[in-house]
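Contents: one structure, followed by commentary.
Protein chains: 2
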Amino acid sequence: MDENEKRLQEKFTQLKKYLDKGDKKRFRKTYLDMHFYDQSTFYLTLNKDERLSIYTILEPDEMGDMFDTLEDDLPEIPEYLNEMNLSYASQMLNDMYDDNAADILEHLDKVEVDRFLGQMPRADANNLRGLLHYDTETAGGIMTTDYVRFHEDETAKEAIGNLKRFAETAETIYYLYVLDNHDDLVGVMSLRDLIMLDDNATLKDHMNSDIITVNVDAEQAEVAQVFRDYEFLAVPVLDHSNQMVGIVTVDDVIEVIDDESLQDYSGLAGVSVDETVQDNPLKAASKRLPWLITLLLLSMITATLINHYEGLLAEASILAVFISTITGTAGNAGTQSLAVAVRRLAVEEINRNEFFKLVGKELLTGFITGVVTGASVLLLVGFWKHNFILGMVIGLAMCAAITVANLAGSLIPMLMSSFGFDPAVASGPFISTLSDLTSVLIYFSIAGMFLQSFVGA
Amino acid sequence: MDENEKRLQEKFTQLKKYLDKGDKKRFRKTYLDMHFYDQSTFYLTLNKDERLSIYTILEPDEMGDMFDTLEDDLPEIPEYLNEMNLSYASQMLNDMYDDNAADILEHLDKVEVDRFLGQMPRADANNLRGLLHYDTETAGGIMTTDYVRFHEDETAKEAIGNLKRFAETAETIYYLYVLDNHDDLVGVMSLRDLIMLDDNATLKDHMNSDIITVNVDAEQAEVAQVFRDYEFLAVPVLDHSNQMVGIVTVDDVIEVIDDESLQDYSGLAGVSVDETVQDNPLKAASKRLPWLITLLLLSMITATLINHYEGLLAEASILAVFISTITGTAGNAGTQSLAVAVRRLAVEEINRNEFFKLVGKELLTGFITGVVTGASVLLLVGFWKHNFILGMVIGLAMCAAITVANLAGSLIPMLMSSFGFDPAVASGPFISTLSDLTSVLIYFSIAGMFLQSFVGA
Numbered sequence: 001m002d003e004n005e006k007r008l009q010e011k012f013t014q015l016k017k018y019l020d021k022g023d024k025k026r027f028r029k030t031y032l033d034m035h036f037y038d039q040s041t042f043y044l045t046l047n048k049d050e051r052l053s054i055y056t057i058l059e060p061d062e063m064g065d066m067f068d069t070l071e072d073d074l075p076e077i078p079e080y081l082n083e084m085n086l087s088y089a090s091q092m093l094n095d096m097y098d099d100n101a102a103d104i105l106e107h108l109d110k111v112e113v114d115r116f117l118g119q120m121p122r123a124d125a126n127n128l129r130g131l132l133h134y135d136t137e138t139a140g141g142i143m144t145t146d147y148v149r150f151h152e153d154e155t156a157k158e159a160i161g162n163l164k165r166f167a168e169t170a171e172t173i174y175y176l177y178v179l180d181n182h183d184d185l186v187g188v189m190s191l192r193d194l195i196m197l198d199d200n201a202t203l204k205d206h207m208n209s210d211i212i213t214v215n216v217d218a219e220q221a222e223v224a225q226v227f228r229d230y231e232f233l234a235v236p237v238l239d240h241s242n243q244m245v246g247i248v249t250v251d252d253v254i255e256v257i258d259d260e261s262l263q264d265y266s267g268l269a270g271v272s273v274d275e276t277v278q279d280n281p282l283k284a285a286s287k288r289l290p291w292l293i294t295l296l297l298l299s300m301i302t303a304t305l306i307n308h309y310e311g312l313l314a315e316a317s318i319l320a321v322f323i324s325t326i327t328g329t330a331g332n333a334g335t336q337s338l339a340v341a342v343r344r345l346a347v348e349e350i351n352r353n354e355f356f357k358l359v360g361k362e363l364l365t366g367f368i369t370g371v372v373t374g375a376s377v378l379l380l381v382g383f384w385k386h387n388f389i390l391g392m393v394i395g396l397a398m399c400a401a402i403t404v405a406n407l408a409g410s411l412i413p414m415l416m417s418s419f420g421f422d423p424a425v426a427s428g429p430f431i432s433t434l435s436d437l438t439s440v441l442i443y444f445s446i447a448g449m450f451l452q453s454f455v456g457a
Numbered sequence: 001m002d003e004n005e006k007r008l009q010e011k012f013t014q015l016k017k018y019l020d021k022g023d024k025k026r027f028r029k030t031y032l033d034m035h036f037y038d039q040s041t042f043y044l045t046l047n048k049d050e051r052l053s054i055y056t057i058l059e060p061d062e063m064g065d066m067f068d069t070l071e072d073d074l075p076e077i078p079e080y081l082n083e084m085n086l087s088y089a090s091q092m093l094n095d096m097y098d099d100n101a102a103d104i105l106e107h108l109d110k111v112e113v114d115r116f117l118g119q120m121p122r123a124d125a126n127n128l129r130g131l132l133h134y135d136t137e138t139a140g141g142i143m144t145t146d147y148v149r150f151h152e153d154e155t156a157k158e159a160i161g162n163l164k165r166f167a168e169t170a171e172t173i174y175y176l177y178v179l180d181n182h183d184d185l186v187g188v189m190s191l192r193d194l195i196m197l198d199d200n201a202t203l204k205d206h207m208n209s210d211i212i213t214v215n216v217d218a219e220q221a222e223v224a225q226v227f228r229d230y231e232f233l234a235v236p237v238l239d240h241s242n243q244m245v246g247i248v249t250v251d252d253v254i255e256v257i258d259d260e261s262l263q264d265y266s267g268l269a270g271v272s273v274d275e276t277v278q279d280n281p282l283k284a285a286s287k288r289l290p291w292l293i294t295l296l297l298l299s300m301i302t303a304t305l306i307n308h309y310e311g312l313l314a315e316a317s318i319l320a321v322f323i324s325t326i327t328g329t330a331g332n333a334g335t336q337s338l339a340v341a342v343r344r345l346a347v348e349e350i351n352r353n354e355f356f357k358l359v360g361k362e363l364l365t366g367f368i369t370g371v372v373t374g375a376s377v378l379l380l381v382g383f384w385k386h387n388f389i390l391g392m393v394i395g396l397a398m399c400a401a402i403t404v405a406n407l408a409g410s411l412i413p414m415l416m417s418s419f420g421f422d423p424a425v426a427s428g429p430f431i432s433t434l435s436d437l438t439s440v441l442i443y444f445s446i447a448g449m450f451l452q453s454f455v456g457a
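Protein chains in written order, with UniProt numbering: chain G, 1 to 457; chain L, 1 to 457.
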């Protein structure tokens, strides 16, 4: 990787020199020979004046190839678009793959969108408007309409000829979608299979008619699963009347997978972890505080509960010593079971029958975990304090607190999911703060029952 | 999706009928028309007798196409291989894509591997042995050697002709790798570009010679990043003498991305979350207990620390009321900063300079978070207990505890990473248990200083 990077830095220096000297020809040659992603890395190093002169050197479609690789949520994009002249920006957006153009438009306000679309040919503008219509996290929100269509009666030779026409604009030409006279999708053929056919073979006779499709409303996570299972490079998207409206390509699916795992990870952490090195401490703190303060309020309920038992604590201040051991360990167990449950929900749907089976299993898992941990703490406390009755109280409380935390950790995300919420929102910090409350309640109830015996022992 | 599934179930029923009746011809037709992944789903529903009869109906290469889609860590695979006869199994492994075959062999013991390889042509066996040699989580461990090679002097027409030869065996034919007379990789061309060329154009004149490659030792996460950036379908792998030894394809990269995110998620949760619904509670508990017991021991240190302050607690049992509020909130803050740090480390390398800058930023973020949270708790406690000096003690302790937990949450993974450990191992439960210790220490130190004023107030 390092060598790639060094070579790239040299090119960037060269390019800046050409730009300074106004050597458009050499600039174009060096720039256009680079990968689109490298072009975008270069573009992002430029200041406004440099960018303005680039717009005079490169054609809108050349600019669009590079913009296709930019992250659509890059905060600078609106600025870039506004510093171009309107017709240049519109043409660039129109020359981009339509899914990427729609993703960029998604982040602009309505007036801006209308300005850009107003400059495009009516059909292209309507196409983009159609894409903007879909929910971002569905198949419709990530699909492109730039795919290759063929008629079932075409021969292999005709198809290859036609493919050359598509190759300029289609997002992928490696899957051919075969339609019948009613424009219904009746088959798929890979370019690999097409290349191996005799010139006169018709598509109809050699296409794969066992077509895996996704619905335009399918959640993006569901679409990603299809790619994992079938190892496709693209999958066709159908609307409600089973007409093909687009394809989702594998590069977008990689983004989806990253997105989904970032959401799960953020959920477990109780903070949105998309902070970048650029985030200043004030902004970072403002992202973390809402959850922290909410959970602080929840933990104040735990404090009032302990306050309620102040009499017990005054009699046996030794009880205070083990509060954090019990709440901490139960919280850890709850976090574990939460993570397992959220991950399971991400991978499979759970019906009613399985729901109760899983809850039963998790209860048993919690109990086994609780017994082993409880027994450990019984021995630790017993030997340390030479008081096995106290050890038993702590051990019992630990066992019960872990069982309850474990159950909560799996039950809460499962309930959330069955009521249609994203289970990943039930964060680790939430579960451990909630389990503090139940653990304290369990601990002092048990301690209260045995108070005489272990204080007396 | 549901409709896909229903249609599939019908096919499976049909297939089982053909199998029962011994109707080999119809079975082959229906089975081979299905997608490889659907074939594997069907295969996994069969009992041993049914599987044995399948081996007599399908050729080893047809079986191999299906085995290519199986998860390589499926625990039943050794059983499947052993119930086939040896030469059938070896031929099937040899007909699979070599990266997938190597992944399967990876899970067998050495004697088994030798048995299968012993049946293969020497060159194929050596090729697989070579792949087994690489670390699983590197480019070498996930690459295939089934890629398409062309000489730079070939014309487009020759190349397309040759491609048909490769199309049977190569894992992808959508990227063509162009070699010179020394077998050095000098260019890459996509099939898309090839198709658009005139018949007599030579590859040399139209190939892309700005080649992005990965080293055979590169970590799989690094390889995944190349795919994210460049949106490739495959990337060439070079050995230490810059000779091309294979390619990594996008389907394997999706697996890598899933792997890596599962590892991060498991790290944050303090448990390996690859538990399936099949895991019984005993097995699930045994996966969770090691971390729990380890952290229990750490939390016992916190208990001895509180024990050390028992005198203080006896004088002011009100202090016990806020232990869990302070430890819990600081633990939550630590988990947040840990998650942000681990995620940042996954995305970018951090040099020495940035290290200190990031630590400074995180310290400030923690302090801001601490001040806001501390002020909130000051007010809550002040009004609740009508004692603002007590409120100030709790608030100060909270502020300091959060600052420290935040710092630890980011410092520990960064230090681990700079010493070459996987930062994701520093789990959320570990940070929150560790922060219990520092929080209690801070809390009682501050409370001790102000004891007279707030008990007296």
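We put the beta carbon where it would ideally sit given N, CA and C, even for glycine.
{"Asked": "Interface positions of the segment 365-380 of chain L facing chain G (Cβ-Cβ less than 7 angstroms), listed along the chain", "Found": "Thr365, Ile368, Thr369, Val372, Thr373, Ser376, Val377, Leu380"}
{"Asked": "Chain-ordered neighbours of lysine 361/L on chain G, where CB pairs are closer than 8 angstroms", "Found": "Asn280, Pro281, Ala284"}
{"Asked": "Cβ-based burial, residue 488/G [other Cβ within 10 Å; buried from 16]", "Found": "A question about residue 488/G goes unanswered here, because the residues of chain G that appear run from 1 up to 457."}
{"Asked": "Cutoff 8 angstroms: glutamate 231/L Cβ touching any chain G Cβ", "Found": "yes"}
{"Asked": "Span of the beta strand (DSSP E), counted from its first residue to its last, around serine 190/L", "Found": "185-190"}
{"Asked": "Three-state secondary structure assigned by DSSP to methionine 196/L", "Found": "helix"}
{"Asked": "9 angstroms Cβ cut-off: residues of chain L touching glutamine 336/G", "Found": "Ala269, Gly270, Val271, Val273, Lys287, Arg288, Trp291, Leu292, Pro429"}
{"Asked": "Option in Val440/G, Leu364/G, Val347/G, Phe12/G with minimal Cα separation from aspartate 229/G", "Found": "Val347/G"}
{"Asked": "Whole-angstrom distance between glutamate 158/G and aspartate 198/G, CA atom to CA atom", "Found": "11 angstroms"}
{"Asked": "Helix, strand or coil at glutamate 106/L [DSSP, three-state]", "Found": "helix"}
{"Asked": "Limits of the beta strand (DSSP E) - the one that glycine 246/G falls within", "Found": "244-249"}
{"Asked": "Cβ-Cβ distance between tyrosine 134/G and alanine 170/G below 8 angstroms", "Found": "no"}
{"Asked": "Boundaries (first-last residue) of the alpha helix (DSSP H) holding histidine 240/L", "Found": "First-last for histidine 240/L: undefined, no H or E at that position."}
{"Asked": "Rounded straight-line distance, which links the Cα of glutamate 79/L to that of leucine 71/L", "Found": "In the sequence on display, residue 71/L carries glutamate and not leucine. Cα-Cα distance, rounded: 14 angstroms."}
{"Asked": "Meets three-Cβ-pair contact criterion under 8 angstroms: the segment 277-287 of chain G and the segment 361-368 of chain L", "Found": "yes"}
{"Asked": "Nearest candidate by alpha-carbon position, reference alanine 320/L, set Tyr309/G, Gly328/G, Ala330/G, Thr329/G", "Found": "Tyr309/G"}
{"Asked": "Glycine 366/L and asparagine 406/L closer than 8 angstroms at C-beta", "Found": "yes"}
{"Asked": "Chain L contact for serine 90/G (CB, 8 angstroms cutoff)", "Found": "no"}
{"Asked": "Identity of the residue in Val111/G, Asp65/G, Val235/G, Asp95/G nearest residue 460/G by Cα", "Found": "No statement about residue 460/G is possible, as the shown extent of chain G runs from 1 to 457 and does not include it."}
{"Asked": "Integer-rounded CB distance, given that alanine 330/G should sit under 8 angstroms from serine 439/G", "Found": "4 angstroms"}
{"Asked": "Which listed residue (Leu105/L, Leu390/L, Asp49/L, Arg51/L) has its alpha carbon closest to that of isoleucine 446/L", "Found": "Leu390/L"}
{"Asked": "Burial state of proline 423/L, where buried means 16 or more other Cβ atoms lie within 10 Å", "Found": "buried"}
{"Asked": "Delimiting residues of the beta strand (DSSP E) encompassing phenylalanine 150/G", "Found": "149-151"}
{"Asked": "Neighbourhood of threonine 327/G by C-beta, 6 angstroms cutoff - its chain only, sequence neighbours within 5 removed", "Found": "Asp436, Ser439"}
{"Asked": "For tyrosine 43/G and threonine 56/G, the rounded distance between their alpha carbons", "Found": "14 angstroms"}
{"Asked": "Chain-ordered neighbours of isoleucine 57/L on chain G, where CB pairs are closer than 7 angstroms", "Found": "Those do not exist, as isoleucine 57/L stays about 19 angstroms from chain G at its closest Cβ, beyond 7 angstroms."}
{"Asked": "Glutamate 231/L - DSSP class collapsed to helix/strand/coil", "Found": "coil"}
{"Asked": "Cβ separation of lysine 204/L and glutamate 152/L, assumed to be a contact under 8 angstroms, to the nearest whole Å", "Found": "4 angstroms"}
{"Asked": "Chain L within 8 angstroms of leucine 415/G, Cβ atoms only", "Found": "no"}
{"Asked": "Paired residues, beta bridge with glutamate 219/L - DSSP", "Found": "Thr138/L"}
{"Asked": "Chain G within 8 angstroms of asparagine 353/L, Cβ atoms only", "Found": "no"}
{"Asked": "Alpha helix (DSSP H) segment containing tyrosine 31/G, residue limits", "Found": "24-33"}
{"Asked": "Cβ pair threonine 373/G, methionine 398/G closer than 8 angstroms", "Found": "yes"}
{"Asked": "Alpha-carbon spacing of isoleucine 160/G relative to proline 236/G, whole angstroms", "Found": "20 angstroms"}
{"Asked": "Cβ neighbour criterion (16 or more within 10 Å) applied to glutamate 386/L", "Found": "For the record, residue 386/L in the displayed sequence is histidine; it is not glutamate. Flag for histidine 386/L reads exposed."}
{"Asked": "Neighbourhood of methionine 1/G by C-beta, 6 angstroms cutoff - its chain only, sequence neighbours within 5 removed", "Found": "Caution is warranted here: a pLDDT of 49 is assigned to methionine 1/G, below 50, making its placement in the model unreliable, and the coordinate value is therefore given only provisionally. Nothing listed; no residue qualifies."}
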